[in-house]
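Residue numbers (the numbering used here): 2 to 263. Glycine included, every Cβ here is placed at the ideal spot set by N, Cα and C. Take a look at the structure set out below.
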């Protein structure tokens, strides 16, 4: 994480929100802009929430997570509206949620993954709270967090990761097997290449740790994606070349939809 960034407690406002997110995406009108769609969601109360403030929390977080880049948001909407399997969509919703929230991202990278790599099968609130307390004492949080805030952020983080399939268990949380099918993998790799500009930066990106993938695992996925014509990947010594036969996210999205129907 960039040291200039600070961790926020926005997780208290929302967890994974998968049902609400998919309901909003299912009702989305791609011919309208983001704000018009959000206003329509307010007026139609598609979430069935009694609290207007709760609706506003959901809409704000939805926009932050998925429509920072409208091309990505529109691609995700298209996948949901096409009825693509949750096994392909949920990893993308998880990934873009972590990209918008450094707190959730780094809990995975600095708390969950070390537990997994050390051979543990469970994770407790205290493990997360200790890391959050360290961040707060180091001045890495937006404000100094008291014990209540530490507890609530930790609870919401674990609930979010359970809903996204990284953890499992209602009360006691356990580390779940993390699967990243080749289709969402290709989507994320395409995004990373557009942002980073080189194949080696994609291969060694720390973001793959969100799916417990090490560079050799990433390379295996890239080879599989190459074999399935989702990308072109070549490695010769230190030279890595990665290209995609797609101009934009929507073109890749339509290929994923076709694969889901085959």
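Residue i burial status per 10 Å Cβ neighbour count (16 or more: buried)
i, result
"residue 235", "exposed"
"residue 22", "buried"
"residue 124", "buried"
"residue 84", "exposed"
"residue 40", "exposed"
"residue 257", "buried"
"residue 135", "exposed"
"residue 16", "buried"
"residue 106", "buried"
"residue 198", "exposed"
"residue 155", "buried"
"residue 149", "exposed"
"residue 90", "buried"
Euclidean distance between Cα positions of residue i and residue j
i, j, result
"residue 141", "residue 261", "42 Å"
"residue 147", "residue 138", "10 Å"
"residue 159", "residue 165", "10 Å"
"residue 53", "residue 63", "15 Å"
"residue 248", "residue 32", "21 Å"
"residue 344", "residue 209", "Within the shown structure, residues of the chain are numbered from 2 to 263, placing residue 344 beyond reach of any answer."
"residue 227", "residue 242", "11 Å"
"residue 116", "residue 122", "8 Å"
"residue 253", "residue 92", "16 Å"
"residue 12", "residue 237", "43 Å"
"residue 25", "residue 157", "21 Å"
"residue 88", "residue 76", "16 Å"
"residue 162", "residue 130", "15 Å"
"residue 185", "residue 34", "25 Å"
"residue 255", "residue 152", "42 Å"
"residue 101", "residue 65", "7 Å"
Test item: CB-CB of residue i and residue j under 9 Å
i, j, result
"residue 183", "residue 128", "no"
"residue 112", "residue 132", "yes"
"residue 99", "residue 7", "no"
"residue 9", "residue 79", "no"
"residue 233", "residue 246", "yes"
Chain-order list of residues whose beta-carbon lies under 8 Å from that of residue i (same chain, five-residue window excluded)
i, result
"residue 73", "67, 97, 192 and 250"
"residue 30", "37, 38 and 41"
"residue 114", "210 and 213"
"residue 95", "17, 165, 166, 167 and 211"
Contacts around residue i, its chain only, beta-carbon distance under 7 Å, and the 5 residues preceding and following it disregarded
i, result
"residue 59", "15, 18, 21 and 48"
"residue 177", "166, 167, 168 and 169"
"residue 120", "none"
6 Å CB neighbourhood of residue i in its chain, flanking five on each side removed
i, result
"residue 231", "187"
"residue 28", "47"
"residue 3", "Summary for residue 3: the model assigns pLDDT 45, below 50, so the residue's position carries little reliability; its value from the coordinates is reported in the next sentence. Nothing listed; no residue qualifies."
"residue 206", "193"
"residue 126", "155"
Assumed close pair residue i, residue j - CB separation to whole angstroms, cut-off 8 Å
i, j, result
"residue 174", "residue 168", "5 Å"
"residue 190", "residue 203", "6 Å"
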